[in-house]
Every structure is written in C-alpha cells, then in structure tokens.
Amino acid sequence: MLKTLIPTLSRLRFAIQLAMLFVTVYGSVLVGTYMAGKISNALPALSCAYDQMNGGYCVLIPTQHILHHRIGEAMVRAQQLTLSMILPLLMSFLAFFAFFFVLGKAFCGWVCPLGTLQEVVGRIGRRFGIGLRRLTSADLLAAHRVRPVKWLLLLGLVFLLPLLTGLGVTPHALGNPYCDICPSRVATTLLTGNTDQLALRVGDGWSFALGAAADFLIGFMIVGGLAIRQPFCRICPLLAFNALFQRLSPLRLVKTAHANCGQCRICSDACPMDIEEISQQAGRKAYTEDCTLCGRCAEYCPQDGTIRLKWGPLALFSSRRAYYKDKVRSELPDGSVKPLRFMQRDEAADAR
Amino acid sequence: MHRTVSMLALALASSLSLAQSHDRHPAAPGSAAPPWTGQALIVAAAGNRGDRTTAPYRPVGLNASEIHVFGPRGGEQAFPVEAGVARLRSPAPESGNYHWLSARAETPAHVAIASTIWYASNPGPAPVDLLRRIKNELEIVPDPLPREHASYRESEKWRFIVRYEGRPLAGQIVRMETERGTRTAFTTDTEGIATVLFPRDFPPDTEGDGHARAKAGFVLSTERQEAGRHFVTSFNHTYAPDSERGRSLGWGAVFGLAGMLGALPLLRRRPAKESSC
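Have a look at this one:
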C-alpha cells in the first residue's frame, strides 16, 4: 500500500513538500496559533512571519532585525558591543545551524514553501508542454554566472543595509530590506487570502520600490517558473546562508566517479538547479552551493550506487539502474511527464 | 482575526499621555490617567532606549505601589513603582517573550486591577500557561494574544475571556474605550468570551503599516460585586490601523503583472530533448 502511494523518492519528497507547505502556510488552523509557532520555530527558515496563519519564523528576519535595531543602535551610541547585544544575533545563527545540522540543505528541496510552489508551477509547465529553459551556457546563460547574486543579496540586503539603517546612514525604510523584496512574503500571505502584502505602500519611495520589486519577482516567478525550474531559488539568500555550512551537515549527496560520468549528463538534466558539475565532477566538487538536496540526480543516475543520499554513514537512497528505468517510464529527467494512458489491468501487466 | 504584520514592531506598548486621576482612587504622583479614559492602565514609560534588559512601565489612574510581572516560564516578581515608574525585568526562570503585567490598588471594599502584556522580544514558550494562570480575582484575558510581530488592528475581531477566580463569567459586560474616542461595550457569551471588534477610528490619512505606523491605546474593563467587595479590572494595550491603509493593491497588481510580462519571453516554445544513456 505504502509502496503504491509513494513508489519513488520524488513522490516521497513531493508528499513531504505538500505537507510542509500546509504546515508553513496554514499551520495554526490545524494545531493552534501558538503550537504552529513552536513547530515552525523548529524549522530553519522561511516560514514567513508575515503570514499570521503559520508559525512565523525565518532566520533572515532576526538577522535583519538585530543588525538594524540592536547592533546599529548600540554602535551609534558609542556603547560597547556587549554580550547582551551580540548574543541574540549569535543565538539566531546557532538555532538556525543546529536545525540545519540535522536537515542540511534538504530544507530547500523538501520543506521550503516557496520552493514547493515553484516546483508546482514547473510541473504545470511540463504538464502543458512548455519547453524547459535551462541555465546552461547552451541555453540562457551558465548557472555559475547567476550564483553570485544570492551572495550579494545576503550581504547587501540581509546584513549590510539593516546595519547601515541601524547606524542611521540609510533611511528607516531600509531596515528590513530583504523581507520587503521577498516573494515568499507575498506568496504565502496570498495563499491565506490576504492581499495586504501584494498591495504596495504608497507615500514612501523606498517602501514602494522594495514592494514593487517583490511583486515583480512573484509575477516573474509564476510565469518564468513554467519554463525555468526553481527561478527564485537561484538567487535566494537563504540558499547562500545554507551554503555557508553545507559541508558540515551529515545529510548530503555523495557521488563517486564512474566511467560514464560526463557523457550521459542525465543527472545534470534532472537537477532542478541546472548544476552541470554533477555530471562532470565527483566527490565534493559535484555538488555546488546551489544544490538543494532534492535527490533527483540520485534518482536519475542509471549507474548502481554512483550517487547516494546519505546521512552520516547511513545511505538513505542509492542510484540504481532498475529504479532509473522505472522512473523514466513516467517522468523524464527534465520533469516532463509522459501522457497518461489508460489501460486494462491485464494490458498493464503485459506492459510491465 | 489575524491580519498583516509589521516586521519591525517590537510590540512594546506605546507611551500614553498623562492626564486626570481615576475618579474612585486617589492618584499617586505620576499615576495620572490619560485624558481618554478614567480606567486604570499600565503603560510603557519613555527613556529606556538602548537598555533592552529592563522595561520601564508605569501604572496610571491607579495608586499602585508595585507592578507584578508574570514570566513566560512560571516566574513571578513584583517591582516597586518609584517616581511613578517601575523598571521591570523578566523574572526567573528567564527567557521568553510573553510577560503579563499586573498592578492593583485595594481597600476593604474596593479592588482595582490593571493588566497588560509586555513582549520582551526573546524566544520562549507559548503563552498558553501564562494566560491560563490565575493572576487576580477578576481578569480580562486575551484568547489568544497577538503574536510578537502582530498587533490588534482596527476592524478586527479578537476574543477576550472574563474570569473570576478562574471561572468564566457569562453575560458580563466588557466596556471598551480607545484613545481615538470610541466608547462601546460587549457582553460575554456562555463561555465567558467577549468578542471585541476594534473600531475603525483612526483618521483617514493614517499610515497603516511600516515604521511610521500609528498606534493608539485601548482599554477593556469590567466590574463585579463579589463577597462584599467591588472589583474593577482592566486590560489595556495598543491597536494599529488596518494595514491596508496607505497601500495600493492596484500598484501591487501592476508590478506583479509586469513581472509576468517580463517572464513571457521564456515561454517561447523549445522542444524538450529526451536524454538517453
């Protein structure tokens, strides 16, 4: 029964993504206001605090908030940076990385509500035959050219601007700049029927501009996501935040070199982040900062045991030729689905 | 009930202006009631910027000598009111966000109680136990409290439970007064719950969100004669304008559509190649 419902790693991941989307967007409806808070406080990030039906925690919020209000205030008064100022920031990071240690970057690929929404949009695109565009040198542009953007957003919008605002250098409206452009804020609140975050604040130029950027991004994500897989993930500062310590987490994808590597490139085709290094490299170099630990590369690797999803010494999933053959019967590596065909039971048995 | 939030709201209650004394209680120095209500309040006092370990609060309209702090982890501590202000700290065991503040003044025949909530901006337990705990004889208890980054907002409905010695009181009248001049009343249902509609009484041009967001005080109060004593209890805090104020959904939709249009070139049809190995 379980095998029928969840026959593949992808199906398991999608089921978890949908469950987490529900928890992170509508959690309080199910478990109550405060309990939803407790649950999503146990998640590393991106249960958006603008959405009052969820638990409301995202590590990027206290980061901006503390830099803006606490460190900035303390410095501008020429006071010492005492432990009472630094500690909250460190505690935010420590809490994040403690959970991150367990989940690793799997948060991005398995839990993040915005990631799930983009994946759903992508599935719709594949289902309706919209041609997939890739971030490769042969198509739009090489993925590695986009990679610095998320680091710039992390440094500029999460760290620098809130700190400068706390110091009084930049306007007060720039104290929370990443949240102001974050499309997750708009998407998750819209899912609860709240249009407040889509509406732009007029009367303040900075607030208007940042909100306009968020709305533009969500619009771009909805349409662009039909053709590009995970468009916002590629510039998400949380992915950069996660990448800072990705090598420390015991949950990781491991690839060993195989004679066919670099030839079939199916693993890179399957990767929703278009990481070309997976097919070309082995060991740590195969998985760049963009990896979200979704595990599709392991599912679509036709070589037994070449790619494994591991937690410490424990192999949670290993690539297998038989699994690959079964998998491509229903879905191609790029996510395209084969047309549904209804068969008689005996016909289906023959087909197998 | 819950609406949009402002991320930078620390949820410290705003300072409320000074004014007259409570009609039934002699006022202590610095305990003058604001002009908009005769009810007893506990309000945040100014002059604490930079020190986040203490929170200055003052009772107004109430001749209280101390403010009791009920901590999020079961701790309780009384802080003396000196020169009209009590400098509050989180009672041990520390750490947590939600703190219940209570001040009282009593005579053999009369008990006046003021209550509010202090958000200390620290992670900690949910306030379920804190709210369930009996802090005074007659209480108005929010059910639930707005979460840290949320707030009461105009046009929203919030529930408050009226209890005496922990027992919900049905049919109890709860009066509401706001700093913007609204005077109204609600009656508790059979479970002791008063569903309070926050009035839409901010001026039309008020900023609804962001750093310049306006706030105003409100106080809920109720009274009861019990065992030969007259109890008056109040719960005060602040509420904010509807977050839709000062926002344009039209402009939001325009930029959302612009993003969609910007992505349209990506949809030019390209044949998907099937990989093989």
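Residue numbers (the numbering used here), protein chains in the order written: chain A, 1 to 352; chain B, 1 to 277.
Even glycine gets a Cβ: it sits at the ideal position worked out from N, Cα and C.
Chain-ordered neighbours of residue i on chain B, where CB pairs are closer than 8 Å
| i | result |
| --- | --- |
| phenylalanine 220/A | Gly259, Met260, Gly262, Ala263 |
| phenylalanine 216/A | Phe255, Gly256, Ala258, Gly259, Gly262 |
| threonine 8/A | Residues of chain B passing the Cβ test: none, with the nearest at roughly 17 Å. |
Per-residue DSSP class, three states only, for residue i
| i | result |
| --- | --- |
| glycine 175/A | coil |
| serine 102/B | strand |
| valine 23/A | helix |
| valine 169/A | coil |
| methionine 221/A | helix |
| methionine 176/B | strand |
| arginine 247/B | strand |
| tryptophan 291/B | The question about residue 291/B has no answer, for chain B in this structure spans 1 to 277. |
| proline 142/B | strand |
| tryptophan 151/A | helix |
| valine 328/A | helix |
| glutamine 263/A | coil |
| tyrosine 287/A | coil |
| histidine 258/A | coil |
| glycine 252/B | helix |
| glutamate 66/B | strand |
| phenylalanine 93/A | helix |
| glutamate 226/B | strand |
| leucine 18/A | helix |
| isoleucine 161/B | strand |
| valine 202/A | coil |
| glutamine 281/A | coil |
| alanine 333/B | For residue 333/B there is no data in the structure shown, the boundaries of chain B being 1 and 277. |
Pair within 8 Å by beta-carbon distance, residue i and residue j
| i | j | result |
| --- | --- | --- |
| asparagine 242/A | phenylalanine 159/A | no |
| arginine 126/A | glycine 335/A | yes |
| leucine 293/A | leucine 253/A | yes |
| leucine 220/B | lysine 157/B | no |
| arginine 73/B | glycine 124/B | yes |
| isoleucine 235/A | valine 149/A | yes |
| proline 56/B | glutamate 66/B | no |
| glutamate 139/B | valine 111/B | no |
| leucine 153/A | proline 272/A | no |
| glycine 181/B | tryptophan 36/B | yes |
| phenylalanine 208/A | glycine 262/B | no |
| glycine 96/B | alanine 64/B | no |
| alanine 282/A | alanine 257/A | yes |
| histidine 68/A | glycine 175/A | yes |
| glycine 295/A | arginine 11/A | no |
Reference residue i; option with closest CA among the options
| i | options | result |
| --- | --- | --- |
| threonine 116/B | Thr195/B, His230/B, Leu266/B, Phe160/B | Phe160/B |
| aspartate 201/B | Arg153/B, Gly246/B, His230/B | Arg153/B |
| arginine 132/B | Pro91/B, Val162/B, Arg147/B, Phe255/B | Val162/B |
| proline 59/B | Val128/B, Arg104/B, Arg229/B | Arg104/B |
| histidine 230/B | Glu106/B, Thr188/B, Pro91/B, Trp118/B | Glu106/B |
| valine 337/A | Thr306/A, Val23/A, Ile130/A | Ile130/A |
| leucine 251/A | Ala286/A, Arg308/A, Ala282/A | Arg308/A |
| alanine 185/B | Pro56/B, Gln172/B, Gly259/B, Arg147/B | Gln172/B |
| glutamine 64/A | Leu332/A, Leu167/A, Ala282/A | Leu167/A |
| lysine 294/B | Ala109/B, Glu179/B, Leu101/B | The structure shown has nothing for residue 294/B, since chain B only spans 1 to 277. |
| glycine 256/B | Ile181/A, Leu238/A, Ala282/A | Ile181/A |
| phenylalanine 216/A | Ser184/A, Asn194/A, Arg284/A, Phe245/A | Ser184/A |
| proline 127/B | Ser151/B, His99/B, Ser121/B, Ile113/B | His99/B |
| leucine 62/B | Arg268/B, Gly259/B, Thr233/B, Tyr164/B | Thr233/B |
| leucine 124/A | Ser330/A, Ala227/A, Leu90/A, Ala240/A | Residue 124/A is actually isoleucine in this sequence, not leucine. The shortest Cα separation from isoleucine 124/A among Ser330/A, Ala227/A, Leu90/A, Ala240/A belongs to Ala227/A. |
| cysteine 291/A | Leu239/A, Thr165/A, Lys327/A, Leu9/A | Leu239/A |
| leucine 316/A | Leu161/A, Glu289/A, Gly305/A | Gly305/A |
| leucine 264/B | Tyr26/A, Gln17/A, Arg133/A, Pro7/A | Arg133/A |
| leucine 169/B | Val43/B, Thr190/B, Pro199/B | Thr190/B |
| serine 248/B | Arg247/A, Asp204/A, Lys255/A, Tyr178/A | Asp204/A |
Where residue i meets chain A, residues with beta-carbon distance less than 8 Å
| i | result |
| --- | --- |
| serine 243/B | Asp196 |
| tryptophan 158/B | Per Cβ cutoff of 8 Å: no residues; tryptophan 158/B is ~12 Å from chain A at best. |
Listed by chain order, chain B residues near residue i by CB distance under 9 Å
| i | result |
| --- | --- |
| leucine 161/A | Ordered by position in chain B, no residue passes the 9 Å Cβ test against leucine 161/A, which lies about 13 Å from the chain. |
| glycine 115/A | Neighbours of glycine 115/A on chain B: none; closest Cβ ~18 Å, over 9 Å. |
| alanine 322/A | Those do not exist, as alanine 322/A stays about 14 Å from chain B at its closest Cβ, beyond 9 Å. |
| glycine 211/A | Arg247, Trp251, Gly252, Phe255 |
Within chain B, the residues that residue i reaches when beta carbons sit closer than 7 Å
| i | result |
| --- | --- |
| glycine 262/A | Residues of chain B passing the Cβ test: none, with the nearest at roughly 12 Å. |
Under 9 Å by beta carbon: chain A residues contacting residue i
| i | result |
| --- | --- |
| leucine 267/B | Gly125, Ile130, Gly131, Arg133, Val223, Gly224, Leu226, Ala227 |
Proximity test, residue i beta-carbon vs the ligand NAD heavy atom, cut-off 7 Å
| i | result |
| --- | --- |
| glycine 217/B | Ligands displayed in this structure: none; no statement on the ligand NAD is therefore possible. |
So, do the stretch 111-120 of chain A and the stretch 194-209 of chain A have three or more beta carbon pairs nearer to each other than 8 Å?
no
Contact between the stretch 174-193 of chain A and the stretch 237-246 of chain B (3+ Cβ pairs under 8 Å):
no
contact_flag[the stretch 257-266 of chain A, the stretch 274-289 of chain A] where n(CB pairs < 8 Å) is 3 or more:
yes
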